[in-house]
Amino acid sequence: MLRGKIILFFNRKEIVLGICREEQAHSLIVLVADRSTMHLALPRVVLASDECSDLTLADEVLVQTLRRHNDLQRALQQNVMPSTLWQAYSTSQQVISLSELARQIFHTEPSFDHQAAVLRALVADTIYFKVHGTQVFPRTPQDVEARLLKAQQEQKNQQIMSEGAAWLSSVLRGAKHSIPASEPCIAFLKNYAIFGKESPQYATFRELLSRTGITDQKQCFDLLFRLGIWDEDENLLLQRHGVPCQWSAELLDTATQCTADNLHHALSDPARVDLTGLTVLSIDDPFTQDIDDALSITFQQDSIVLGVHIADPAAIVPVGSELDREASLRGTTVYFPEGKIPLLPHPVSENAASLQQGIERPAL
């Protein structure tokens, strides 16, 4: 019989205390702390007190009783350390009752409030135990480790969210340098401007958009342009498809080193023919730095010889090197109205393998 007893149940994933006013065949009528009554299916009851309340008392008195028990349980909950409990029970992997855990923690015959306090603690921290009714299941070490990592990442994401929202709000207000730029926030804004809700970070960072009032991708794009992170004509197709537009510091260093190590060797190779006596012309404009081909015209008896001279970066970049592999992936230099994606870094393409006027360079 539950009539008059204090019962504990879940409502929308929250723990709720109530006093059973009336018990029917398969349900209860319950008074809860906000003075309302609700119909509750009998199987939803998790715990019930041993003592019964006097139902002839005014609702205000009964509600005060519920609040006292709620406060007591929350105070007792502070003594429950799920991580410490798990250390004691993790090796057994046996089902444990709430009453057993309460006895272990409080060193006394557990009351309704003792058990409720344990339940509250385990529901608040689900890393170490699974709870089903009054049965408790220790999680495996692998599961605990995974959940700890997830919790740490969520905490980190919340910190990023708070810092990012503060920075972004200051930017939107027009403040300058009041708060350091949030790199994770900028990375998300780029992703959202490119992919919208398909961004892999959207689920994590959508709260950031809500907090700052950003509603569409164009707002993100305009903001990134205003911050000087993107150009007004930023090519989002390149971004969307992950086309590499910049060189890593490592590959730039490699290109510089290749030039220093291999250019002199290539120019002094006895297998090469010295054609520096020819008049050679390119069709590039005066501002072109990566001159990769040129023409020469010579007369031999009754013939005209047209020479096509092509820059030889293979003499500079070792075959099979990391830089060579990256160039193979790129395939060619791609030109756009707003710029270009070079085949090779500028120490090679604009220097060692560029057919510049008055400078000896290896060519084919």
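Residues in the sequence shown are numbered consecutively from 117, following my numbering. We put the CB at the ideal spot given by N, CA and C, even for glycine. All values derive from a computational prediction rather than experimental measurement.
Euclidean distance between Cα positions of residue i and residue j
i	j	result
residue 463	residue 385	21 angstroms
residue 195	residue 229	13 angstroms
residue 189	residue 151	20 angstroms
residue 414	residue 408	20 angstroms
residue 191	residue 237	11 angstroms
residue 249	residue 337	51 angstroms
residue 429	residue 348	34 angstroms
residue 447	residue 340	30 angstroms
residue 398	residue 452	21 angstroms
residue 350	residue 383	40 angstroms
residue 219	residue 225	6 angstroms
residue 467	residue 476	11 angstroms
residue 185	residue 132	11 angstroms
residue 263	residue 326	27 angstroms
residue 371	residue 301	33 angstroms
residue 343	residue 432	39 angstroms
residue 379	residue 366	20 angstroms
residue 233	residue 193	5 angstroms
residue 360	residue 469	21 angstroms
residue 211	residue 148	31 angstroms
residue 358	residue 317	16 angstroms
residue 503	residue 421	Residue 503 lies beyond the residue range present for the chain, which begins at 117 and ends at 480; the question has no answer from this structure.
residue 290	residue 280	15 angstroms
residue 187	residue 181	10 angstroms
residue 140	residue 146	11 angstroms
residue 362	residue 416	46 angstroms
residue 175	residue 153	11 angstroms
residue 387	residue 478	11 angstroms
Identified DSSP bridge partners for residue i
i	result
residue 126	131
residue 252	212, 247
residue 450	457
residue 426	409
residue 136	146
residue 121	168
residue 240	DSSP, once it has assigned bridges, lists no residue as partnering residue 240.
residue 479	427
C-beta atoms of residue i and residue j nearer than 8 angstroms
i	j	result
residue 169	residue 243	no
residue 412	residue 396	yes
residue 137	residue 171	yes
residue 277	residue 324	yes
residue 266	residue 255	no
residue 257	residue 368	no
residue 251	residue 213	yes
residue 124	residue 163	yes
residue 410	residue 480	no
residue 374	residue 439	yes
residue 465	residue 406	yes
residue 260	residue 346	no
residue 356	residue 304	no
residue 308	residue 298	no
Residue burial classification, residue i (beta-carbon count within 10 angstroms, cutoff 16)
i	result
residue 334	exposed
residue 134	buried
residue 319	exposed
residue 520	Only positions 117 to 480 of the chain appear in the structure, and residue 520 is not among them; the question remains open.
residue 455	exposed
residue 328	buried
Any non-hydrogen atom of the ligand GTP within 7 angstroms of residue i CB
i	result
residue 167	Summarising the ligand content, the structure contains no ligands, and the ligand GTP is consequently not present.
Counting only runs that start and end within the stretch 149-198, where is the alpha helix (DSSP H) found for 4 or more residues in a row?
Scanning the stretch 149-198 from its first residue to its last, the whole alpha helix (DSSP H) runs of 4-plus residues come out as 175-193.
I'd like the ranges of any alpha helix (DSSP H) spanning at least 4 consecutive residues and lying wholly in the stretch 258-322.
Within the stretch 258-322, the complete alpha helix (DSSP H) runs of at least 4 residues are 299-311.
Alpha helix (DSSP H) segments (min. 4 residues) lying fully within the stretch 340-387:
352-356, 365-383
Any chance you could list the beta strand (DSSP E) runs of at least 3 consecutive residues sitting entirely within the stretch 393-424, in chain order?
Counting only runs of 3 or more, we get 409-416.
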